[in-house]
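The numbering of the sequence shown is the numbering used here, which starts it at 111 and goes up by one.
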Amino acid sequence: MRLPPSRKGPLALLLVVAAVAPALSGPEGCSAGESATPSAPDAAQPQVLTYRRVGARPLAAYVFLPKAPGKDRPAILLFHGGGWRIGEPAWLFDRAREFAAKGMVAISIEYRLSNDGLSPIDAVEDACAAFAWAREQG
């Protein structure tokens with residue numbers, strides 16, 4: 111799908127609450143990110159991977175894998191709401207589990223909130239980095 115010229119850019123990416131990205135192939139396909147905590151490769155508990163570092167702060171991607179093994183599965187990135195100021199990736203864990211149960215790789219993304227001198231632009235940069243990271247994993 112092509113966006114009209116006036117809608118291209120990072121802001122258009124973040125305004126999409128969930129977007130399909132190339133699939134991760136499984137636990138080994140996620141290894142490019144740093145594991146923040148060990149977790150089982152099933153839809154009940156996510157794999158926690160670092161998709162980006164901003165200074166000393168790691169930003170996490172919570173990856174929910176389908177139970178059935180496979181390659182080239184569709185993936186979806188989930189971004190919580192909260193008006194740029196509140197929220198956390200865990201708000202979408204139940205939805206991510208639903209997508210994983212249907213055979214998709216579901217990834218709930220942590221992004222910086224507009225607090226302590228940050229703006230929504232920082233969150234948009236994080237979202238763009240999350241999309242790039244997901245594509246690199248495929």
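Glycine included, C-beta positions come from ideal geometry on N, C-alpha and C.
First through last residue of the beta strand (DSSP E) which encompasses P168 | Unbroken beta strand (DSSP E) run through P168: R167 to F174.
Using the Cα positions of A142 and R205, report the straight-line distance between them to the nearest angstrom.
-> Its pLDDT being 38, under 50, A142 is placed unreliably in this model, and the value from its coordinates should be taken loosely. Their backbone Cα atoms lie some 25 angstroms apart in a straight line.
Give me the Cα-Cα distance between P184 and S229, rounded to the nearest whole angstrom.
-> 31 angstroms
Just the Cα atoms here: how many angstroms apart are I231 and Y172?
-> 22 angstroms
Determine the DSSP secondary structure at R162, reduced to helix, strand or coil.
-> strand
Which residues does DSSP pair with F189 in a beta bridge?
-> I219
Exposure label - E220; buried when at least 16 CB within 10 Å = buried
Less than 8 angstroms between the CB atoms is what I'm expecting for L187 and A240, so what's the real figure, rounded?
-> 6 angstroms
For I217 and Q157, the rounded distance between their alpha carbons = 9 angstroms
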